[in-house]
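S.K.: Sequence lines, in order, name chains A and H.
Using the UniProt record's numbering, the letters of the first sequence map in sequence onto residues 1 to 231.
Using the UniProt record's numbering, the letters of the second sequence map in sequence onto residues 1 to 231.
Even for Gly, the Cβ is constructed at its ideal location relative to N, Cα and C.
Starting off with a structure, shown below.
2 protein chains.
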Amino acid sequence: MPDTAPPQTTGPEAAAPYEPTERTVPARSRERASYDRELVHSILDEAYLCHLGFVRDGAPVVLPTLFGRIGERLYVHGSTGSRPLRAAGQADPGLPVCLTVTHVDGLVLARSAFHHSINYRSVVVHGVARTVTDPQERRTALDAIVDHVVPGRTADSRPANEKELAATAVIRLDLDEVSAKVRTGGPNDEPDDLALPHWAGVVPLARGYRAPQPSDDLDPAIAVPDYLTAL
Amino acid sequence: MPDTAPPQTTGPEAAAPYEPTERTVPARSRERASYDRELVHSILDEAYLCHLGFVRDGAPVVLPTLFGRIGERLYVHGSTGSRPLRAAGQADPGLPVCLTVTHVDGLVLARSAFHHSINYRSVVVHGVARTVTDPQERRTALDAIVDHVVPGRTADSRPANEKELAATAVIRLDLDEVSAKVRTGGPNDEPDDLALPHWAGVVPLARGYRAPQPSDDLDPAIAVPDYLTAL
Chain A
1 MPDTAPPQTT GPEAAAPYEP TERTVPARSR ERASYDRELV HSILDEAYLC
51 HLGFVRDGAP VVLPTLFGRI GERLYVHGST GSRPLRAAGQ ADPGLPVCLT
101 VTHVDGLVLA RSAFHHSINY RSVVVHGVAR TVTDPQERRT ALDAIVDHVV
151 PGRTADSRPA NEKELAATAV IRLDLDEVSA KVRTGGPNDE PDDLALPHWA
201 GVVPLARGYR APQPSDDLDP AIAVPDYLTA L
Chain H
1 MPDTAPPQTT GPEAAAPYEP TERTVPARSR ERASYDRELV HSILDEAYLC
51 HLGFVRDGAP VVLPTLFGRI GERLYVHGST GSRPLRAAGQ ADPGLPVCLT
101 VTHVDGLVLA RSAFHHSINY RSVVVHGVAR TVTDPQERRT ALDAIVDHVV
151 PGRTADSRPA NEKELAATAV IRLDLDEVSA KVRTGGPNDE PDDLALPHWA
201 GVVPLARGYR APQPSDDLDP AIAVPDYLTA L
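So, in structure tokens, the structure goes:
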């Protein structure tokens, strides 16, 4: 994927890989790990949502949530009443989180049950989430989250007003301690299993957009915009 | 979904909803939360993978992994060298985890940026993961994980041998402290925004299986099995 995705950053500094740390080097399948910045960006940018983990009363909590990316910063938003966003605002210097994104690209069927697998691309980000207070950064972050789900949509919707902005909390997570993990290709069968009578191969998976369904109260004169048909 | 999914359990006890707890009652959008057992099962069973959260050195870790369900128990497997599985075996009585599954069913486009959303179905399971040591339960659990990804596949593959079983760790998480959260329907626009010239509605999403790709070394006489064409 990295060679087909448009570069998100330029310059030698931006192109340098993320520095591996003890917790971003996997305990196994290390050959599948990558710290390539453009690969990480492409996996993040293709996602609708992430799974955000944090610790509450000593126990882990994992919640699905939308997110946006601007350069080397990820943003998550939510109600000011939501638990992780409230916790990020109360913790000093912030809330330790783990933000994970996974794409399943295929089901890998081997002759042996043991070698069944999936083809996937995932990114795991470790760090400390901090509440964003700067009004301009908050607006830019919220735009990035909307445009992440539907590129081009921010320009074709009513911007948030002051009341809506006041009800929304935004947290920021820097891309610093980051790794990607990718599996591609077919099954890794044992040589002794190749003659077994079981089908082997990959069932590819892709995201399927269906035809946009207009709201019942939508003016019929408003056509489906190009940025939706382009999805 | 619960009314279209086949019942997974029977009897009055099995049909009783999960008991809400302080951490399974969401801080907001409580009307979207459900403790219905069949709804929870249907969301779990439709998933390929979950995001498993645990605490390591005081910080959260979220990893994608396959899982299986047998009745009121979830199973996750992995290499005996993987971190969460090793930790579950070392911790007494087990490893506190949070296992989360999310399906994105649609992108919800409102006239206002603020009311953009997604339609989704998610399940969050809190509990303590314990290593499974019983040989029969380990085999049954591993079969359930393979059949969860491709129903019917276990019967058409070579079962794990003793060496493979010895290299595989299995952990169990009981469905006890569980909640589902579901959003459906169109955008919730403000009345004042209805006349704005922006398209509003839902872009439905569905999982897209593509044609199975046989391995290069597959005997051409082995046809694509029915359980794959039925996906």
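How would you list, in chain order, the residues of chain A whose beta-carbon sits under 7 Å from the beta-carbon of residue 201 (chain H)?
M.R.: Looking up residue 201 (chain H) in the second sequence gives position 201. Within 7 Å Cβ-Cβ: 212, 213, 214, 215 and 218.
S.K.: Leaving out the 5 sequence neighbours to the left and right, which residues in its chain are closer than 6 Å to residue 34 (chain H) when beta-carbon positions are compared?
M.R.: One-based indexing of the second sequence puts residue 34 (chain H) at position 34. Answer for residue 34 (chain H): 180, listed in chain order.
S.K.: Look at the alpha carbon of residue 88 (chain H) and the alpha carbon of residue 118 (chain H), and state the distance between them as a whole number of angstroms.
M.R.: Along the second sequence, one-based indexing puts residue 88 (chain H) at 88. Along the second sequence, one-based indexing puts residue 118 (chain H) at 118. Distance between the alpha carbons of residue 88 (chain H) and residue 118 (chain H): 34 Å.
S.K.: What are the residues that DSSP puts in a beta bridge with residue 119 (chain H)?
M.R.: Sequence index remark: in the second sequence, residue 119 (chain H) carries index 119 (1-based). Residue 119 (chain H) pairs with H:106.
S.K.: Assuming residue 65 (chain A) is part of the beta strand (DSSP E), what are its boundary residues?
M.R.: For the purposes of this step, residue 65 (chain A) is taken as residue 65 along the first sequence, with counting starting at 1. It spans 59-66 - the beta strand (DSSP E) in which residue 65 (chain A) sits, taken as one unbroken run.
S.K.: Residues bridged to residue 16 (chain A) by DSSP?
M.R.: On the first sequence, residue 16 (chain A) is found 16 positions in, with the first residue counted as 1. Its beta-bridge partners do not exist; DSSP assigns none.
S.K.: On the three-state DSSP scale, how would you describe residue 168 (chain H)?
M.R.: Looking up residue 168 (chain H) in the second sequence gives position 168. Strand.
S.K.: For residue 133 (chain H), count neighbouring C-beta atoms within 10 Å of its own C-beta (all shown protein chains included) and say buried if the count is 16 or more, exposed if not.
M.R.: Mapped onto the second sequence, residue 133 (chain H) falls at position 133. Exposed, by the Cβ-count rule.
S.K.: For the segment 152-227 of chain H, list the beta strand (DSSP E) runs that are entirely contained and at least 3 residues long, ordered along the chain.
M.R.: 168-174, 177-183 and 201-209
S.K.: Assign residue 8 (chain H) to one of three DSSP states: helix, strand, or coil.
M.R.: In the second sequence, counting from the first residue as 1, residue 8 (chain H) sits at position 8. In this predicted model, residue 8 (chain H) has a pLDDT of only 48, less than 50, meaning its place in the structure is not dependable; the value taken from the coordinates is given anyway. Residue 8 (chain H): coil per DSSP, three-state reduction.
S.K.: So, with DSSP's three-state summary, where would you put residue 131 (chain A)?
M.R.: What you label residue 131 (chain A) is simply residue 131 of the first sequence in a count that begins at 1. Strand at residue 131 (chain A).
S.K.: Any Cβ of chain H within less than 7 Å of the Cβ of residue 60 (chain A)?
M.R.: Residue mapping note: residue 60 (chain A) aligns to position 60 of the first sequence, counting from 1. Residue 60 (chain A) counts as touching chain H.
S.K.: Of all the CB atoms in chain H, is at least one closer than 7 Å to the CB of residue 179 (chain A)?
M.R.: One-based indexing of the first sequence puts residue 179 (chain A) at position 179. It does not: the Cβ of residue 179 (chain A) has no partner Cβ on chain H nearer than 7 Å.
S.K.: For residue 24 (chain A), which residues in chain H fall below 7 Å Cβ to Cβ?
M.R.: Here residue 24 (chain A) corresponds to residue number 24 of the first sequence, with the count starting at 1. The premise fails here: residue 24 (chain A) is roughly 11 Å from chain H at the closest Cβ pair, so nothing lies under 7 Å.
S.K.: Exposed or buried, what is residue 217 (chain H) when buried is set at 16 or more other beta-carbons lying within 10 Å of its beta-carbon?
M.R.: Working through the second sequence from its first residue, we reach residue 217 (chain H) at position 217. Exposed.
S.K.: On the CB-based measure, 16 or more other CB atoms within 10 Å of its CB, does residue 189 (chain H) come out buried or exposed?
M.R.: Within the second sequence, numbered from 1, the residue matching residue 189 (chain H) stands at position 189. So residue 189 (chain H) ends up on the buried side.
S.K.: Can you tell me which residues form a DSSP beta bridge with residue 84 (chain H)?
M.R.: As a first step, residue 84 (chain H) must be located in the second sequence, where it is residue number 84. Residue 84 (chain H) pairs with nothing; no bridge assigned.
S.K.: Contact between the segment 153-163 of chain A and the segment 105-117 of chain H is defined here as three or more beta-carbon pairs at a separation below 8 Å; is this criterion met?
M.R.: yes
S.K.: Could you tell me whether the Cβ of residue 33 (chain H) comes closer than 7 Å to any Cβ of chain A?
M.R.: Working through the second sequence from its first residue, we reach residue 33 (chain H) at position 33. No, no contact with chain A.
S.K.: Starting from the beta carbon of residue 209 (chain H), find every residue of chain B whose beta carbon is closer than 7 Å, and list them in chain order.
M.R.: In the structure shown, chain B cannot be found, because the protein chains are A and H.
S.K.: Listed from N- to C-terminal order along the chain, which residues in the segment 147-175 of chain H have their beta-carbon within a distance smaller than 7 Å of any beta-carbon of chain A?
M.R.: Cβ contacts with chain A: 149, 150, 153, 154, 156, 157, 158, 159, 160 and 164.
S.K.: Ordered along the chain, which non-local residues of its own chain (more than five positions away) have a Cβ less than 8 Å from that of residue 157 (chain H)?
M.R.: Residue numbering aside, residue 157 (chain H) sits at position 157 when the second sequence is read from its first letter. Once the five neighbours on either side are set aside, the close Cβ partners of residue 157 (chain H) are 146.
S.K.: Which of the three DSSP states, helix, strand or coil, is assigned to residue 47 (chain A)?
M.R.: Position 47 of the first sequence, counted from the start, is the residue given in the question as residue 47 (chain A). Coil.
S.K.: Would you say residue 195 (chain A) and residue 187 (chain A) are within 7 Å of each other, going by their C-beta atoms?
M.R.: As a working mapping, residue 195 (chain A) is identified with position 195 in the first sequence. As a working mapping, residue 187 (chain A) is identified with position 187 in the first sequence. No. Outside cutoff.
S.K.: Consider the Cβ of residue 65 (chain H): report whether some Cβ of chain A lies at a distance smaller than 7 Å.
M.R.: In the second sequence, counting from the first residue as 1, residue 65 (chain H) sits at position 65. Not an interface residue.
S.K.: Whose Cβ in chain H lies nearer than 7 Å to the Cβ of residue 75 (chain A)?
M.R.: In the first sequence, residue 75 (chain A) corresponds to position 75, counting from 1. In chain order: nothing, as chain H lies at least about 14 Å away.
S.K.: For residue 16 (chain H), count neighbouring C-beta atoms within 10 Å of its own C-beta (all shown protein chains included) and say buried if the count is 16 or more, exposed if not.
M.R.: As a position in the second sequence, residue 16 (chain H) is number 16, starting the count at 1. Exposed.
S.K.: Which chain H residues are close to residue 118 (chain A), counting only those with a beta carbon under 8 Å from its beta carbon?
M.R.: Counted from its first residue, the first sequence places residue 118 (chain A) at position 118. Here the neighbours are 48, 49, 66 and 149.
S.K.: Any Cβ of chain H within less than 7 Å of the Cβ of residue 132 (chain A)?
M.R.: Residue 132 (chain A) sits at position 132 when you count from the first residue of the first sequence. Residue 132 (chain A) has a beta carbon lying at 7 Å or more from every beta carbon in chain H.
S.K.: To which residues does DSSP link residue 94 (chain H) through a beta bridge?
M.R.: For the purposes of this step, residue 94 (chain H) is taken as the residue at position 94 of the second sequence. According to DSSP, residue 94 (chain H) bridges with nothing at all.
S.K.: Just curious, the beta strand (DSSP E) that residue 73 (chain H) is in, first and last residue?
M.R.: Numbered from its first residue, the second sequence carries residue 73 (chain H) at position 73. Its beta strand (DSSP E) spans residues 73-79.
S.K.: Chain A partners of residue 102 (chain H), CB-CB under 8 Å?
M.R.: Sequence index remark: in the second sequence, residue 102 (chain H) carries index 102 (1-based). Those within 8 Å of residue 102 (chain H) in chain A are 49, 51 and 64.
S.K.: Are the Cβ atoms of residue 53 (chain H) and residue 62 (chain H) separated by less than 7 Å?
M.R.: Walking along the second sequence from the start, residue 53 (chain H) turns up at place 53. Walking along the second sequence from the start, residue 62 (chain H) turns up at place 62. Yes, Cβ-Cβ distance for residue 53 (chain H) and residue 62 (chain H) is below 7 Å.
S.K.: Is it the case that the segment 135-146 of chain A contacts the segment 171-178 of chain H, given that we only count it when at least three CB pairs across the two stretches are under 8 Å?
M.R.: no
S.K.: From the DSSP output, in three-state form, read off residue 138 (chain H) for me.
M.R.: One-based indexing of the second sequence puts residue 138 (chain H) at position 138. DSSP, read as helix, strand or coil, puts residue 138 (chain H) in helix.
S.K.: Taking just the CA atoms, how far does residue 184 (chain H) sit from residue 168 (chain A)?
M.R.: The residue you call residue 168 (chain A) lines up with position 168 of the first sequence. The residue you call residue 184 (chain H) lines up with position 184 of the second sequence. So the two alpha carbons sit approximately 22 Å from each other.
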